[in-house]
Ligand code: BGC
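In my numbering, the protein residues as written are 262 to 604.
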């Protein structure tokens, strides 16, 4: 295994982690993000994720792609919350709501890095102190997000956080997968299986209504592997509302793999295992014009995210589970992706 570092724009760095099979994970300290994930498919190097070529390009075009998202992923309705009798106003960066931790949040910060090499894996640890009052969130929040590449083609993300005052924590990673050779061929023909009986219904401003609806008989049923097009092309009201999927699914089991994704040609398979209770599936719906990306374009429905987390807006829906972190507690969560060839 080996690791190399190079510049990724003016100030940021790009870390290249390569295993003995030639699988490569590239990460940047700008937003503690994944930039590239290369697998050898029929003697051709294939990038499985969307990403840009420099930190500046992310800052200009879309800082969420591949980044660590937080402190609280998704939308917090009304940009405020009340805890222990106190109201905390938050930064609102999408209408009246706070999306992905507010503006220029941890996805747009420079993180400290430390590399740890072992015989069969390399880990890049990213650390950041999000200061008391950051976008309105109380408490100094010490965060570490570790990305590991193993020799058997697993990419593992470990989240760790500690606070000095009661606060909210619900981080995720905003990686967009597209397992096709051609970037502009969207993810509609990807086969998805997802071990979830229920999903969270959204309002027209994409806030969870609080209803957890059975997937059965709807285009949200991925209990058997089915093409993502089942929702992209459906008239079902929740799909039309967002022009695809932008919904949390409540995972049935805490053991995995809970999600499997295959490319259009069924050549390769990505399996996801997490101990987070939910995953938000976003099918890159809000792209009106193709965006220049490397030597190709990011197109509408050109990527799918698997954002593992607690159900979003949980602080306003007690039955969604708690995202409160107390000073005497440690937040920990793990998500693992394993890639393999089908044939
Ligand atoms: C949200 C989308 C949002 C996107 C921004 C996703 O996590 O669910 O609604 O547009 O992030 O990149």
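From the three backbone atoms N, C-alpha and C, an ideal C-beta is built for every residue, glycine too.
Check: Residues near residue 464 in its chain [Cβ-Cβ closer than 7 Å; skip 5 each side]; Outcome: 470
Check: Rounded separation between residue 346 and residue 360 - CA only; Outcome: 23 Å
Check: Anticipated Cβ contact below 8 Å, residue 454 with residue 483, distance rounded; Outcome: 6 Å
Check: Secondary structure of residue 594, DSSP reduced to three states; Outcome: strand
Check: Test: residue 533 CB closer than 8 Å to a CB of chain B; Outcome: Looking at the structure shown, chain B is missing, and only one protein chain is on hand.
Check: The ligand BGC heavy atom lying under 7 Å from the CB of residue 463; Outcome: no
Check: Collapsed DSSP secondary structure at residue 499 in the structure displayed; Outcome: helix
Check: Cβ pair residue 362, residue 406 closer than 8 Å; Outcome: no
Check: By C-beta, the residues closer than 5 Å to any heavy atom of the ligand BGC, given in chain order; Outcome: 325, 507 and 543
Check: Option in 315, 446 and 364 with minimal Cα separation from residue 290; Outcome: 315
Check: Residue interval of the beta strand (DSSP E) (run including residue 378); Outcome: 373-378
Check: Rounded separation between residue 397 and residue 391 - CA only; Outcome: 11 Å
Check: Those runs of the beta strand (DSSP E) which lie wholly inside the stretch 394-480 and span at least 3 residues; Outcome: 402-411, 415-424, 452-455, 457-463 and 469-475
Check: Proximity of residue 584 and residue 401 at Cβ, strictly below 8 Å; Outcome: no
Check: Cα-Cα separation, residue 311 to residue 546; Outcome: 14 Å
Check: Own chain partners of residue 420 with C-beta closer than 6 Å, once the 5 adjacent residues on each side are dropped; Outcome: 406, 432 and 594
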